[in-house]
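Here the structure comes first, spelled out in structure tokens, and everything after it is commentary.
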């Protein structure tokens, strides 16, 4: 502000406006940060526990981190994969938030849990994935349902040998 006139010089006002963040941008960014923190505290804990080679209880039992950054998931040992529609949160696989979903009697899909709209990590809500930033909704198998994303969740490469699905 110019002390003599009480007005802001035009050049400064323009640069200040250019740097201002809209309410929508702030809320979207804040939701993304909150989602990432919750993911790291909740789902991310499963992957770090999975690296423990001793007998583990619950979700991490049956999940082993491999030297190349991939995860080996023994589908018979991971309780949540015991039925169709079951989900095993994997934390991050090669830097990507991921989950393994049982889609059929003997079929599984690994999903990249970043929303295809803005890259915010989606969260499981019952039998769907929901984006906390802009409200996109996906089926458990990653198929697009509604919202601004307009495309399904990406799949993470998998291979299967017997009961073990390797993700990454």
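Numbering (the working numbering), first residue to last: 5 to 172.
All residues carry an ideal CB built from backbone N, CA and C; glycine is no exception.
For residue i, the three-state DSSP class (helix, strand or coil)
i	result
residue 115	strand
residue 159	strand
residue 65	coil
residue 170	strand
residue 109	coil
residue 153	coil
Exposure of residue i, with buried meaning 16 or more beta-carbon neighbours within 10 Å
i	result
residue 106	buried
residue 93	buried
residue 152	exposed
residue 95	buried
residue 82	buried
residue 155	exposed
residue 126	buried
Closest by C-alpha distance to residue i, when choosing among the options
i	options	result
residue 111	151, 131, 76 and 88	88
residue 123	139, 66, 113 and 109	139
residue 163	155, 172 and 157	172
residue 71	97, 141 and 80	97
residue 90	148, 133 and 161	133
For residue j and residue i, believed in contact at Cβ under 8 angstroms, the rounded distance
i	j	result
residue 113	residue 145	6 angstroms
residue 85	residue 103	Incorrect: roughly 11 angstroms between the Cβ atoms, too far for contact.
residue 150	residue 161	At roughly 27 angstroms, the Cβ-Cβ gap does not stay under 8 angstroms, so residue 150 and residue 161 are not in contact.
Worksheet item: Which parts of the region 116-143 are runs of the beta strand (DSSP E), unbroken and 3 residues or longer, counting only runs that do not cross its ends?
Response: Counting only runs of 3 or more, we get 127-129, 132-134 and 141-143.
Discussion item. I'd like the ranges of any beta strand (DSSP E) spanning at least 3 consecutive residues and lying wholly in the region 72-103.
Written reply: Those beta strand (DSSP E) runs which fall completely within the region 72-103 and span 3+ residues are 75-78 and 91-97.
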